[in-house]
Amino acid sequence: MTDDAYLVLLDGPAGVLGVPLAAVGEPACMATPAVQGWLDAQGVTPSSPRLRLLPPEETAAIPEGAERLPVPLDGEELSRLRHRAAPQDISRLEEELLAYRSHAEGREELLARAAAAGVPAHRIAELTGEDLVAVKASTS
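The opening residue of the sequence shown carries number 3 in this note's numbering; numbering runs sequentially from there.
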């Protein structure tokens, strides 16, 4: 797994692979000469429906032979991307996890629900601000 997100140009239907750029706004990397040159070389614009953005943990799903470019995202951009790429039920839980910091009641239940739904411990820690070791201990 890489630490970079990827811009991917897909030939077939996008399905559930990554998200269109419009779903995450305009990441700062889109203004770089490297990204602009890659888009020009591919003959596409950022609004192309064939262009998708994938978080680092999904890069193994990129089809073999697909044109791709690793791109760095800042913490907020990566969080937005992961939120948009998550299934809808997970996205709702992630919203609750983001609100977690201001909750006094039900914190342990929320952590348990998120873990049971398949939200990875590192993502729970990222969204809640809790220490990863503490999250793992409370969800195991």
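Heads up, the beta-carbon is just placed ideally off N, CA and C, and yes, glycines get one too. This one's a predicted model, so the numbers in the text were calculated from it and none came from an experiment.
*Relative to the C-alpha of cysteine 31, which residue among Val21, His85 and Asp76 is closest?*
Relative to cysteine 31, the option among Val21, His85 and Asp76 whose CA is nearest is Asp76.
_Under 8 angstroms, with one C-beta from each stretch per pair, do the stretch 66-76 and the stretch 88-100 reach the 3-pair mark?_
no
_Classify methionine 3: buried if its beta carbon has 16 or more other beta carbons within 10 angstroms, exposed otherwise._
Confidence in methionine 3 is poor, its pLDDT being 39 and thus under 50, which makes the residue's placement too unreliable to answer from.
*Which whole-angstrom value is the C-beta distance of isoleucine 126 and alanine 118, which I expect to be below 8 angstroms?*
Rounded to whole angstroms, the Cβ separation of isoleucine 126 and alanine 118 is 11 angstroms, and the two are not in contact under 8 angstroms.
*Boundaries (first-last residue) of the alpha helix (DSSP H) holding leucine 53*: No alpha helix (DSSP H) holds leucine 53; the beta strand (DSSP E) holding it covers 53-56.
*Hey, out of Pro51, Ser49 and Leu55, whose CA is closest to alanine 88's CA?*
Leu55
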